[in-house]
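Just so you know, we're using my numbering here: the sequence shown kicks off at 1104 and counts up by one.
We treat Cβ as the ideally placed atom computed from N, Cα and C, and that holds for glycine.
Below is one structure, written out as structure tokens; the observations come after it.
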Amino acid sequence: DITDPATGKRKQKEIGGFRTREEAEEAAKRIQYELQTGTYIEEKDITFEQFAKEWLEGYKNSGKVKVSTIRLRDFAVKCLTSYFGKMQLKNITRKQYQDMLNDLFRLGRSNETITSYHSVGKMIFRKAIELELIKKDPTEFVELPKRQVTVEELEQNIELPKYLEKEELAIFLETARDHCLDARDYPLFLTMAYTGMRVGEICALKWSDIDFEEQTISIVRTIYNPDSKIRNYKLLPPKTKGSRRVIDVDKLVLRELENYKKYQNEIRMKYRDIYYDQDFIFAEINRKNAGYPMHTRLVRDRMKRLLKIAELNPNLTPHSLRHTHTSLLAEAGVSLEQIMQRLGHTNDLTTKQIYLHVTKPKKKEASEKFAALMKNIK
């Protein structure tokens, strides 16, 4: 029997699982103290699966998160549910949660994936505490297993992503200029190659983002088509906080964009009564969707066509131009930190791989020059 301080009445509270009478009495005293101090929480009977589903629904309806982020959260919830689905939320222990993280690590999940799933786990259990469904957060004090990547692994043991060499890029851009389907191809791929922009970023690019006097491009948004329909696009913030950036652009690119703008103005006048004028640079030019931003899939398909004509690697993608930009910056002697800033990265493993691969011969050259210098010392 315990006394409710709010009413002064005594009531029964059944708690089992004690080995001795002393343990039971100690638990009763603890509950009585929590009641007196207003910290008592009566944990509810609800499974992880049930609550995670409720949490995800609320998360989706909050209106504060991007559609692409919701998809990632959905993947995480499915993974966590595969471990804890039918278990009572209140019964999940810190050890069980840590074992789950360790198992993901053992299965070869990346550091980024484990961190992402853990973030969702924390949000779910903290919301349960906020709603007074559970007393303790099993995600608290756990340690994220993390594989440390060595420089040797970066340089030798990890397969590099595919990208174009300098001469190959020149051939590709010449092909885009001479064998384009319309006036968009060359300025589109030229801009991607010279800036390292993501395909979603360039499809979302607007004329207002370009400062022709300062010779810069501001990257402030990306595009997302949830159902692959051109008109059902969404403009979202860039991938990460660091992805929002202002980059310097070569005069060659700006000159081509200015030339292309004349062509676009002709399209705008041709369909002036129906043109969807939202300032998009690489917009559709057909009557049905004139003015709507290009779909990222179209960029991919056009690149594949041009690669085939140029007899270059047909497996390259628009993202390969981003890797190409990285390799050429590294070859030109630009620092890794500057490359990261230009690409909108804070810490990207692939960029580091390419950078180390490209600069490795220069490291050897520096060593050889030093040795040659020392030979002259008698």
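Notebook entry, point to check: The beta strand (DSSP E) spanning V1356 covers which residue range?
Noted result: In the sequence shown, the residue the question calls residue 1356 occupies position 253. Where V1356 is concerned, there is no enclosing beta strand (DSSP E), although the alpha helix (DSSP H) it sits in stretches over K1354 to K1373.
Notebook entry, point to check: Rounded to whole angstroms, how far is the Cβ of N1328 from the Cβ of H1398, which I believe are closer than 8 Å?
Noted result: As a working mapping, residue 1328 is identified with position 225 in the sequence shown. As a working mapping, residue 1398 is identified with position 295 in the sequence shown. Distance from N1328 to H1398 at the Cβ level is roughly 6 Å; contact confirmed, criterion being Cβ atoms closer than 8 Å.
Note to self: So for F1385, helix, strand or coil by DSSP?
What the structure shows: By one-based count along the sequence shown, residue 1385 stands at place 282. Under the three-state reduction of DSSP output, F1385 falls in the coil class, being neither helix nor strand.
Note to self: Below 8 Å on the Cβ atoms is my contact criterion, and I expect T1196 with L1409 to pass it. Report the Cβ-Cβ distance as a whole number of Å.
What the structure shows: For this step, residue 1196 is matched to residue 93 along the sequence shown. For this step, residue 1409 is matched to residue 306 along the sequence shown. Not really, about 56 Å apart at Cβ, beyond 8 Å.
Checklist line | Option nearest V1302 by Cα separation, candidates L1446, V1352 and R1212 | finding: Here the question's residue 1302 lines up with position 199 in the sequence shown. Out of L1446, V1352 and R1212, L1446 has the C-alpha closest to the C-alpha of V1302.
Check: How is Q1199 classed by DSSP in three states: helix, strand or coil?
Finding: Residue mapping note: residue 1199 aligns to position 96 of the sequence shown, counting from 1. Here Q1199 sits in helix by DSSP.
Item checked: Same chain only: Cβ atoms within 6 Å of I1274, ignoring 5 sequence neighbours per side -> The residue you call residue 1274 lines up with position 171 of the sequence shown. The answer, listed in chain order, is A1413.
Next item on the list: Starting from the N-terminal side, write out each stretch of the alpha helix (DSSP H) that is 4 residues or longer and does not extend beyond the stretch 1156 to 1189.
Entry: List check, alpha helix (DSSP H) in window: 1170 to 1187.
Next item on the list: On the DSSP bridge assignment, give the partners of D1240 in chain order.
Entry: The count along the sequence shown starts at 1 and reaches residue 1240 at position 137. Partner residues in a beta bridge of D1240, as assigned by DSSP, do not exist.
Next item on the list: Would you mind stating whether R1425 and G1345 have Cβ atoms separated by less than 7 Å?
Entry: On the sequence shown, position 322 is the one that residue 1425 refers to. On the sequence shown, position 242 is the one that residue 1345 refers to. No, they are not a contact pair.
Check: Is DSSP giving D1351 helix, strand or coil here?
Finding: Position 248 of the sequence shown, counting from 1, holds the residue named residue 1351. Of the three classes helix, strand and coil, the one that applies to D1351 here is strand, per DSSP.
Next item on the list: Pair every Cβ in the stretch 1152 to 1171 with every Cβ in the stretch 1212 to 1222, then say whether three or more of these pairs are closer than 8 Å.
Entry: Per the Cβ contact rule, the stretch 1152 to 1171 is not in contact with the stretch 1212 to 1222 (fewer than 3 Cβ pairs under 8 Å).
Item checked: Inter-residue Cα distance where the pair is A1231 and S1185 -> Walking along the sequence shown from the start, residue 1231 turns up at place 128. Walking along the sequence shown from the start, residue 1185 turns up at place 82. In a straight line, the C-alpha of A1231 is about 19 Å away from that of S1185.
Item checked: Endpoints, the alpha helix (DSSP H) within which K1305 is located -> In the sequence shown, the residue the question calls residue 1305 occupies position 202. Here residue 1305 is Ile; the residue named in the question, Lys, does not match the sequence. Residue range V1302 to C1306 is occupied by the alpha helix (DSSP H) that includes I1305.
Margin query: Out of N1194, G1224 and G1188, which one is the CA nearest neighbour of L1204?
Written below: In the sequence shown, counting from the first residue as 1, residue 1204 sits at position 101. Comparing Cα-Cα distances from L1204 to each of N1194, G1224 and G1188, the minimum goes to G1224.
Margin query: Any contact between the stretch 1308 to 1321 and the stretch 1457 to 1465? By contact I mean 3 or more CB pairs, one from each, below 8 Å.
Written below: Under the Cβ criterion (8 Å, minimum of three pairs), the stretch 1308 to 1321 does not count as touching the stretch 1457 to 1465.
Checklist line | Beta-carbon proximity list for Y1220, same chain, < 6 Å, skipping 5 on both sides | finding: If you number the sequence shown from 1, residue 1220 lands on position 117. Taking Y1220 as the centre and dropping the five residues before and after it, the same chain places the C-beta of A1179 and C1182 closer than 6 Å to its C-beta, in chain order.
Next item on the list: Report the three-state DSSP secondary structure of A1395 (helix, strand or coil).
Entry: The residue given as residue 1395 occupies position 292 in the sequence shown. For the sequence presented, residue 1395 should be read as Tyr rather than Ala. It is coil, neither helix nor strand.
Note to self: Please classify T1123 as buried or exposed, where buried requires at least 16 other C-beta atoms within 10 Å of its C-beta.
What the structure shows: Mapped onto the sequence shown, residue 1123 falls at position 20. Taking all protein chains in view, the Cβ of T1123 is surrounded by fewer than 16 other Cβ atoms within 10 Å, so the residue is classified as exposed.
Check: Got a sec? Which residues, its chain only, sit under 6 Å from L1291 by beta carbon, not counting five neighbours each side?
Finding: Here residue 1291 refers to the residue found at position 188 of the sequence shown. Counting only Cβ-Cβ distances below 6 Å, and skipping sequence neighbours, we find F1385.
Next item on the list: Give the range of the beta strand (DSSP E) segment to which Y1327 is assigned.
Entry: Indexing the sequence shown from 1 puts residue 1327 at position 224. Unbroken beta strand (DSSP E) run through Y1327: T1325 to Y1327.
Notebook entry, point to check: Measuring CB to CB, does A1155 end up less than 7 Å from I1217?
Noted result: Numbered from 1 along the sequence shown, position 52 holds the residue referred to as residue 1155. Numbered from 1 along the sequence shown, position 114 holds the residue referred to as residue 1217. Cβ atoms of A1155 and I1217: not closer than 7 Å.
Margin query: Going by DSSP in three states, L1338 sits in which element: helix, strand or coil?
Written below: Taking the sequence shown and counting its residues from 1, one reaches residue 1338 at position 235. L1338 falls in the strand class under three-state DSSP.
Item checked: N-terminal and C-terminal residue of the alpha helix (DSSP H) that S1423 is part of -> Within the sequence shown, residue 1423 is the residue found at index 320, counting from 1. In this chain, the alpha helix (DSSP H) harbouring S1423 covers P1421 to E1434.
Item checked: DSSP-derived helix/strand/coil call for Q1191 -> The residue labelled residue 1191 in the question sits at position 88 within the sequence shown. The answer is strand: DSSP assigns Q1191 an E or B state.
Next item on the list: For T1449, name the three-state secondary structure that DSSP assigns.
Entry: The residue given as residue 1449 occupies position 346 in the sequence shown. In the structure shown, the three-state DSSP call for T1449 is coil.
Next item on the list: Along the beta strand (DSSP E) that carries I1322, what are the first and last residues, could you check?
Entry: Here residue 1322 refers to the residue found at position 219 when the sequence shown is read from its first residue. Going by DSSP, I1322 is part of the beta strand (DSSP E) stretching over T1319 to I1322.
Check: Can you tell me whether Q1441 is buried or exposed, with buried defined as 16 or more other CB within 10 angstroms of its CB?
Finding: Here residue 1441 corresponds to residue number 338 of the sequence shown, with the count starting at 1. It is exposed - the Cβ of Q1441 has fewer than 16 other Cβ atoms within 10 Å.
Notebook entry, point to check: For the putative contact between R1400 and D1288, defined by C-beta atoms under 8 Å, what is the C-beta separation to the nearest angstrom?
Noted result: Locating residue 1400 in the sequence shown gives position 297, where the first residue counts as 1. Locating residue 1288 in the sequence shown gives position 185, where the first residue counts as 1. Between D1288 and R1400 the Cβ distance is about 15 Å, and since that is not below 8 Å, they are no contact.
Checklist line | 7 Å Cβ shell around V1356 - same chain, five flanking residues per side excluded | finding: Reading the sequence shown from its first residue, position 253 is the one you call residue 1356. Within the same chain, V1356 has close Cβ partners L1293, T1294 and Y1297.
Next item on the list: Please say whether Y1458 and A1433 have beta carbons closer to each other than 7 Å?
Entry: Here residue 1433 is taken as the residue at index 330 of the sequence shown, counted from 1. Here residue 1458 is taken as the residue at index 355 of the sequence shown, counted from 1. A contact, by the Cβ cut-off of 7 Å.
Check: With a Cβ-Cβ cutoff of 7 Å, do F1151 and F1187 count as a contact?
Finding: For the purposes of this step, residue 1151 is identified with residue 48 of the sequence shown, where counting begins at 1. For the purposes of this step, residue 1187 is identified with residue 84 of the sequence shown, where counting begins at 1. Result yes, Cβ atoms of F1151 and F1187 sit closer than 7 Å.
Check: Taking the continuous alpha helix (DSSP H) assigned at V1223, which residues delimit it?
Finding: On the sequence shown, residue 1223 is found 120 positions in, with the first residue counted as 1. N1214 to E1233 is the span of the alpha helix (DSSP H), which, as asked, contains V1223.
Item checked: Backbone secondary structure at D1206 - three-state DSSP -> Here residue 1206 is taken as the residue at index 103 of the sequence shown, counted from 1. Helix.
Note to self: Given this structure, state the Cα-to-Cα distance separating Y1363 from R1371, to the nearest angstrom.
What the structure shows: As a working note, residue 1363 is residue 260 in the sequence shown. As a working note, residue 1371 is residue 268 in the sequence shown. Each residue's Cα considered, the two are about 12 Å apart.
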